[in-house]
Amino acid sequence: MALRAIVSRVTPTRFMDSICGATRFFSQKVEGLRPEKLKIDENRNVEDHRRRLLAAKYEMRRNLYKALCRDPSLPSDMRDLYRCKLSKLPRNSSFTRIRNRCIYSGRPRGGYRKFRMSRIVFRELASKGELLGVTKASW
(Lines of atoms letter the chains of each structure in order from A and count residues from 1; the text may use other names and numbers.)
(Lines give C-alpha, C1' and ligand atoms only; values in the text may rest on other atoms or scores of the structure.)
Protein backbone atom coordinates (compact mmCIF):
# COMPACT_ATOMS: atom_id res chain seq x y z
CA MET A 1 0.00 0.00 0.00
CA ALA A 2 2.81 2.40 0.83
CA LEU A 3 4.43 1.65 -2.51
CA ARG A 4 1.33 2.74 -4.38
CA ALA A 5 1.26 6.01 -2.41
CA ILE A 6 4.90 6.74 -3.21
CA VAL A 7 4.47 5.93 -6.90
CA SER A 8 1.31 8.02 -7.27
CA ARG A 9 2.81 11.07 -5.56
CA VAL A 10 5.99 11.27 -7.63
CA THR A 11 5.81 11.73 -11.38
CA PRO A 12 8.54 10.02 -13.45
CA THR A 13 10.07 13.31 -14.59
CA ARG A 14 10.11 14.71 -11.07
CA PHE A 15 11.69 11.49 -9.82
CA MET A 16 14.35 11.64 -12.52
CA ASP A 17 15.13 15.27 -11.67
CA SER A 18 15.46 14.46 -7.98
CA ILE A 19 17.71 11.45 -8.64
CA CYS A 20 19.94 13.36 -11.06
CA GLY A 21 20.19 16.33 -8.73
CA ALA A 22 20.83 14.17 -5.68
CA THR A 23 23.57 12.15 -7.33
CA ARG A 24 25.27 15.30 -8.62
CA PHE A 25 25.05 16.89 -5.17
CA PHE A 26 26.49 13.82 -3.49
CA SER A 27 29.25 13.40 -6.07
CA GLN A 28 30.47 16.93 -5.36
CA LYS A 29 30.78 16.09 -1.67
CA VAL A 30 32.76 12.87 -2.16
CA GLU A 31 36.22 13.17 -3.65
CA GLY A 32 37.57 10.40 -5.84
CA LEU A 33 34.20 9.20 -7.18
CA ARG A 34 34.52 8.31 -10.85
CA PRO A 35 31.95 9.79 -13.28
CA GLU A 36 31.30 6.33 -14.79
CA LYS A 37 30.35 5.01 -11.35
CA LEU A 38 27.99 7.94 -10.86
CA LYS A 39 26.28 7.18 -14.17
CA ILE A 40 25.85 3.49 -13.27
CA ASP A 41 24.31 4.33 -9.88
CA GLU A 42 21.93 6.79 -11.50
CA ASN A 43 20.85 4.18 -14.05
CA ARG A 44 20.21 1.65 -11.31
CA ASN A 45 17.87 4.04 -9.53
CA VAL A 46 16.04 4.80 -12.76
CA GLU A 47 15.64 1.10 -13.55
CA ASP A 48 14.34 0.44 -10.05
CA HIS A 49 11.80 3.25 -10.43
CA ARG A 50 10.62 1.76 -13.74
CA ARG A 51 10.14 -1.57 -11.98
CA ARG A 52 8.09 0.12 -9.27
CA LEU A 53 5.81 1.72 -11.85
CA LEU A 54 5.34 -1.59 -13.67
CA ALA A 55 4.63 -3.44 -10.42
CA ALA A 56 1.96 -0.90 -9.47
CA LYS A 57 0.43 -1.09 -12.94
CA TYR A 58 0.14 -4.89 -13.04
CA GLU A 59 -0.48 -5.50 -9.32
CA MET A 60 -4.22 -6.22 -9.53
CA ARG A 61 -3.92 -8.39 -12.64
CA ARG A 62 -1.06 -10.41 -11.15
CA ASN A 63 -2.96 -11.00 -7.88
CA LEU A 64 -6.06 -12.09 -9.81
CA TYR A 65 -4.15 -14.58 -11.94
CA LYS A 66 -2.34 -15.98 -8.87
CA ALA A 67 -5.62 -16.45 -7.01
CA LEU A 68 -7.21 -18.20 -9.98
CA CYS A 69 -4.18 -20.49 -10.38
CA ARG A 70 -4.44 -21.56 -6.74
CA ASP A 71 -8.21 -22.10 -6.72
CA PRO A 72 -8.81 -25.89 -6.47
CA SER A 73 -12.48 -25.57 -7.43
CA LEU A 74 -11.59 -24.52 -11.01
CA PRO A 75 -10.85 -27.14 -13.68
CA SER A 76 -7.17 -27.79 -14.34
CA ASP A 77 -7.26 -26.54 -17.95
CA MET A 78 -8.65 -23.18 -16.77
CA ARG A 79 -5.96 -22.94 -14.08
CA ASP A 80 -3.34 -23.70 -16.72
CA LEU A 81 -4.75 -20.91 -18.88
CA TYR A 82 -4.35 -18.37 -16.05
CA ARG A 83 -0.90 -19.72 -15.24
CA CYS A 84 0.04 -19.06 -18.87
CA LYS A 85 -1.38 -15.53 -18.65
CA LEU A 86 0.59 -14.95 -15.45
CA SER A 87 3.81 -16.03 -17.14
CA LYS A 88 3.18 -13.61 -20.04
CA LEU A 89 3.15 -10.57 -17.76
CA PRO A 90 6.38 -8.53 -17.83
CA ARG A 91 9.05 -9.92 -15.53
CA ASN A 92 9.84 -6.50 -14.12
CA SER A 93 6.23 -6.14 -12.97
CA SER A 94 6.87 -8.54 -10.09
CA PHE A 95 7.33 -7.04 -6.63
CA THR A 96 10.23 -9.41 -5.95
CA ARG A 97 12.33 -7.52 -8.50
CA ILE A 98 12.03 -4.21 -6.65
CA ARG A 99 15.10 -3.26 -4.67
CA ASN A 100 15.21 -0.44 -2.11
CA ARG A 101 18.17 1.74 -3.05
CA CYS A 102 19.82 4.84 -1.67
CA ILE A 103 18.58 7.85 -3.63
CA TYR A 104 21.98 9.52 -3.34
CA SER A 105 24.49 6.77 -4.06
CA GLY A 106 22.35 3.94 -5.46
CA ARG A 107 23.68 1.56 -2.83
CA PRO A 108 21.37 -1.48 -2.52
CA ARG A 109 22.31 -2.58 1.00
CA GLY A 110 22.36 -0.96 4.40
CA GLY A 111 19.62 1.54 3.72
CA TYR A 112 17.17 3.25 6.06
CA ARG A 113 13.65 2.99 4.65
CA LYS A 114 12.41 6.10 6.39
CA PHE A 115 15.08 8.32 4.84
CA ARG A 116 15.60 6.30 1.62
CA MET A 117 19.38 6.54 1.95
CA SER A 118 22.24 4.25 2.87
CA ARG A 119 23.84 4.21 6.30
CA ILE A 120 27.00 5.84 4.94
CA VAL A 121 25.20 8.80 3.37
CA PHE A 122 22.93 9.09 6.40
CA ARG A 123 25.88 9.32 8.78
CA GLU A 124 27.64 11.90 6.63
CA LEU A 125 24.58 14.14 6.25
CA ALA A 126 23.52 13.75 9.88
CA SER A 127 26.97 14.70 11.16
CA LYS A 128 26.87 17.85 9.03
CA GLY A 129 23.40 18.70 10.37
CA GLU A 130 21.71 18.59 6.98
CA LEU A 131 18.94 16.19 8.09
CA LEU A 132 16.13 17.92 9.94
CA GLY A 133 15.23 16.39 13.28
CA VAL A 134 18.28 14.13 13.45
CA THR A 135 20.73 14.76 16.25
CA LYS A 136 23.62 12.77 17.59
CA ALA A 137 22.74 10.87 20.75
CA SER A 138 24.63 11.75 23.91
CA TRP A 139 24.02 10.54 27.45
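Each number in the working numbering corresponds to the 1-based position in the sequence shown with 284 added. All C-beta atoms in this analysis are idealised placements derived from N, C-alpha and C, irrespective of residue type, glycine included.
What did DSSP end up calling residue i once you bin it into helix, strand or coil?
| i | result |
| --- | --- |
| S402 | strand |
| Y366 | helix |
| Y396 | strand |
| V330 | helix |
| Y388 | coil |
| E414 | coil |
| D361 | helix |
| T380 | helix |
| K420 | coil |
Got a sec? Which residues, its chain only, sit under 7 Å from residue i by beta carbon, not counting five neighbours each side?
| i | result |
| --- | --- |
| R397 | N384 |
| N329 | I303, R385, I387, G390 |
| L392 | As written in the sequence, residue 392 is Pro, which differs from the Leu given in the question. If we look at P392 and ignore the five residues flanking it on each side, its Cβ neighbours are R383, R385. |
| D332 | I382, R383, R385 |
Which value, in whole angstroms, describes the spacing of the CA atoms of residue i and residue j?
| i | j | result |
| --- | --- | --- |
| Y366 | A410 | 50 Å |
| A339 | M401 | 22 Å |
| C353 | S377 | 18 Å |
| L373 | P359 | 22 Å |
| R375 | R381 | 8 Å |
| Y424 | R335 | Because the chain spans 285 through 423 in this model, residue 424 falls outside it and cannot be assessed. |
| T419 | K412 | 10 Å |
Enumerate in chain order the residues of its own chain whose CB-to-CB distance from residue i is below 6 Å, with the five nearest sequence positions on each side excluded.
| i | result |
| --- | --- |
| L370 | Y349 |
Go through its chain and collect everything with a Cβ distance to residue i's Cβ below 8 Å, but skip five positions before and after it.
| i | result |
| --- | --- |
| V403 | For the sequence presented, residue 403 should be read as Arg rather than Val. Excluding sequence neighbours, R403 sits near G394, G395, Y396. |
| F399 | F406, L415 |
According to the neighbour-count rule (16 or more other Cβ atoms, all chains shown, within 10 Å of its Cβ), is residue i buried or exposed?
| i | result |
| --- | --- |
| E414 | exposed |
| A421 | exposed |
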